[in-house]
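Protein sequences appear in the order of chains A and B. Taking this note's numbering, I'd label the letters of the first sequence as residues 1 to 139. Taking this note's numbering, I'd label the letters of the second sequence as residues 140 to 278. Using N, Cα and C, we set each Cβ at its ideal position, and we do this for glycine too. If you're wondering where the values come from, they're calculated on a predicted model, not measured in any experiment. To start, the structure under review is shown below, and the notes come after it.
Number of protein chains: 2
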Amino acid sequence: MNIGTASEQSRLPVKTIRYYEDIGLVRPLRSENGYRDFSDANLQTLKFLQRARSLGFSIEECRELLSLYEDGNRASADVKAITQSKIVEIDRKIDELKSLKKVLTTLSDACHGDSRPTCPIIDDLAGMGEPDRDMRGRS
Amino acid sequence: MNIGTASEQSRLPVKTIRYYEDIGLVRPLRSENGYRDFSDANLQTLKFLQRARSLGFSIEECRELLSLYEDGNRASADVKAITQSKIVEIDRKIDELKSLKKVLTTLSDACHGDSRPTCPIIDDLAGMGEPDRDMRGRS
DNA sequence: TTAGGGCCTCCAGTCACTGGAAGGTCAATC
DNA sequence: GATTGACCTTCCAGTGACTGGAGGCCCTAA
Numbered sequence: 001m002n003i004g005t006a007s008e009q010s011r012l013p014v015k016t017i018r019y020y021e022d023i024g025l026v027r028p029l030r031s032e033n034g035y036r037d038f039s040d041a042n043l044q045t046l047k048f049l050q051r052a053r054s055l056g057f058s059i060e061e062c063r064e065l066l067s068l069y070e071d072g073n074r075a076s077a078d079v080k081a082i083t084q085s086k087i088v089e090i091d092r093k094i095d096e097l098k099s100l101k102k103v104l105t106t107l108s109d110a111c112h113g114d115s116r117p118t119c120p121i122i123d124d125l126a127g128m129g130e131p132d133r134d135m136r137g138r139s
Numbered sequence: 140m141n142i143g144t145a146s147e148q149s150r151l152p153v154k155t156i157r158y159y160e161d162i163g164l165v166r167p168l169r170s171e172n173g174y175r176d177f178s179d180a181n182l183q184t185l186k187f188l189q190r191a192r193s194l195g196f197s198i199e200e201c202r203e204l205l206s207l208y209e210d211g212n213r214a215s216a217d218v219k220a221i222t223q224s225k226i227v228e229i230d231r232k233i234d235e236l237k238s239l240k241k242v243l244t245t246l247s248d249a250c251h252g253d254s255r256p257t258c259p260i261i262d263d264l265a266g267m268g269e270p271d272r273d274m275r276g277r278s
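Right, here's the structure in full:
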């Protein structure tokens, strides 16, 4: 099938599919006219990628999962480990966002929000509030 | 002061400060030897940026906040509006992450996680579970 | 004088695409 | 047969917010 059909079936944008070919995640054959020709197996791969990406796996994690997917002898423990580290990561992100929200909410609540120039939010950003967080040396 | 000192005081990496100059967020003078020379006002700006970025404001939002910061006549309502839309955005992200976590947890719980090749996670990714989410047309 | 650390610019890479230009192919219609 | 328009191709550049590295100048201290 052509890329347009593969896009519909996999629910991935055409550009993304080309990109996935570029980085070696899928290897469709070519028709005589130069068009990509996706087999059913290729389509399966694309669907797999669509689902894994939508679940927050990075491209490199997808590559790893794909090779496990294609390896009939893989251990389910390997897949479970990747999934669980993803869950830990998500928890960390949620916590970060929550504490971020807390600060912003406090600031927003303290701001009268009218036409006067006095603004506790700006004052805080200008360093008149809590001490700064250190941003150096982040990975 | 030199960039190294400014980095320490603002808790921003040296490279980041140079980048902020590149994109016009801060405009230090230059010493005769070509070194950047940061004034106290420049340092205030850097600290402001550090704090605003750590609170999740984008560079463009920082630019906007900075101009409000520098405008003695701004209305606090403007700042509050930006802050509140940020809070809404954070809530949306938290919800997304939560539902992501739910799916992954369900999958992980269903996986026996041993050396056998049978793996419900892989099966789900391969499309043997729920229908795919549509990824086309995302902004 | 030499070593080191700090500073400079410029270029390239990150991640995962996305947009656009320029052009070939195909099927249907006039 | 010509034309239209959808679909396909490649290639290049841009996104956001930095980060890393090369190559080289400047400054201070031993």
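Closer than 8 Å to the CB of A:L65 there is at least one CB belonging to chain B.
A:N73 belongs to the set of residues whose beta carbon lies under 8 Å from a beta carbon in chain B. Rounded to whole angstroms, the separation of the alpha carbons of A:G56 and A:L125 is 32 Å. In its chain, beyond the 5 residues on either side, C111 have a beta carbon closer than 7 Å to the beta carbon of A:C119.
Beyond the five residues adjoining it in sequence on each side, B:F187 comes within less than 7 Å, by CB distance, of L205 and Y208 in the same chain, given in chain order.
B:V227 counts as exposed, since fewer than 16 other beta carbons sit within 10 angstroms of its beta carbon. With fewer than 16 neighbouring CB atoms inside 10 Å of its own CB, A:R30 falls in the exposed class. The beta carbon of B:K154 does not come within 8 Å of any beta carbon belonging to chain A, so the residue lies off that interface. In the DSSP annotation of this structure, the continuous segment of the alpha helix (DSSP H) that includes B:L236 starts and ends at S215 to A249. Apart from the 5 residues on each side of it in sequence, B:K225 sits with its Cβ closer than 7 Å to the Cβ of G195 and F196 in its chain, given in chain order. For the pair of segments examined, the region 238 to 248 of chain B was found not to touch the region 21 to 35 of chain A: the number of CB pairs separated by less than 8 Å stays below three.
Look at B:R169 here: in three-state DSSP terms it is strand. In the DSSP assignment, B:I261 falls within the unbroken alpha helix (DSSP H) covering P259 to D262. DSSP places B:R255 in the coil class of the three-state scheme, outside both helix and strand.
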